[in-house]
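These notes concern the structure reproduced below.
Residue numbers (the working numbering): 43 to 282.
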């Protein structure tokens, strides 16, 4: 039987990830294959993250948080320690943190339709753009430490990793959080708190593909006619 990773490299990218999601828990005999797919996926995705981060910086994005913090060997070591403490991490999440690292495309850049500290011109766009934000291993460490140190939590309470702010918080409006339940021995976890694919759950890989397809702002998929013209040249068909 042809491996998932071979099929992925041959171009069956969406089909392979669909099969991985249908697996649910990844069994040991599939683990290496699924991890190989996840690693290659995030290496490809990482190139888009670098491209978008450079383009947003060149366009004048102003943010108090660094736009790009690539994964380091120290991050990879920290992630291994975290996995030994938390339990199995979803393959896609783990690879995102080891191959990509952090990115923060939220902030102020009127040219790109992004507003955080600056006031959005009226009439406002019908949706929030939901610029791409990715956590790094240090953020997972912080979240896990906060969870473990909470003396008031129920002993049976699940750990929900705050993957990123939701589209409201990214626009400096009171909102919620994009969450991933951990531990979770699956390939591609559901990313809670995402509204771009109405009527069903959205997985992490699906969300990242949507973000790249919409120039780093998945929210414009809900109102394409309102997307700023400056973002159009940054749109590509995801190759991961």
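Just so it is clear, CB atoms sit at the ideal spot from N, CA and C, and this is done for glycine as well.
query: In chain order, what residues of the same chain have a beta carbon less than 8 Å from the beta carbon of residue 152, not counting five sequence neighbours either side?
result: 160 and 163
Note to self: Are there any heavy atoms of the ligand FAD lying less than 6 Å away from the beta-carbon of residue 109, as far as the coordinates show?
What the structure shows: What this structure holds is no ligand at all, so the ligand FAD is not there to describe.
Do you know offhand how far residue 200's Cα is from residue 271's? 42 Å
Cβ of residue 96 within 7 Å of Cβ of residue 179?
-> no
**Message:** On a Cα-Cα basis, can you pick out the residue from 229, 205 and 258 that is closest to residue 66?
**Reply:** 229
* **With 16 other Cβ atoms within 10 Å as the buried cut-off, status of residue 278** => exposed
Exercise for the section: Could you name the residues of the same chain whose beta carbon sits closer than 6 Å to that of residue 129, not counting the 5 residues immediately before and after it, in chain order? Expected result: 225
Cβ contact (3+ pairs, closer than 8 Å) linking the region 105-125 and the region 52-61
no
Q. In its own chain, which residues sit with a C-beta less than 7 Å from the C-beta of residue 59, not counting the 5 before and 5 after it?
A. 230 and 247
Practice item. Compute the Euclidean distance between the alpha carbons of residue 260 and residue 70, then round it to the nearest angstrom. Key: 34 Å
- Hey, out of 194, 197 and 176, whose CA is closest to residue 141's CA? 176
task = Find out if the Cβ-Cβ distance for the pair residue 124, residue 182 is shorter than 7 Å.
result = yes
Which same chain residues, not among the five before or five after residue 214, have their C-beta less than 8 Å away from its C-beta?
157, 158 and 159
Exercise. Where does residue 261 fall in DSSP's three states?
Worked result: helix
Q: State the beta-bridge partners of residue 151 as determined by DSSP.
A: 156
Quiz item: What are the boundary residues of the beta strand (DSSP E) that residue 224 is part of?
Solution: 219-224
Check: Buried or exposed: residue 138, going by 16 or more other Cβ atoms within 10 Å of its Cβ?
Finding: buried
Query raised in the report: Taking all protein chains shown into account, do 16 or more other C-beta atoms lie within 10 angstroms of the C-beta of residue 252, making it buried, or fewer, making it exposed?
Result: buried
Q) Under 7 Å between the Cβ atoms of residue 46 and residue 92? A) no
Simplified DSSP state of residue 168, which is helix, strand or coil | coil
**OP:** Could you have a look at residue 48 and say whether DSSP puts it in helix, strand or coil?
**Re:** helix
Whole-number beta carbon distance between residue 134 and residue 80, since they are thought to touch under 8 Å: 5 Å
(Q) So for residue 131, helix, strand or coil by DSSP? (A) coil
Here's a check: name, in chain order, each residue in its chain whose Cβ is nearer than 7 Å to the Cβ of residue 236, leaving out the five neighbours to either side. 220, 244 and 249
Open item on the list: In the DSSP output, which residue or residues are listed as bridge partners for residue 173?
Closed with: 259
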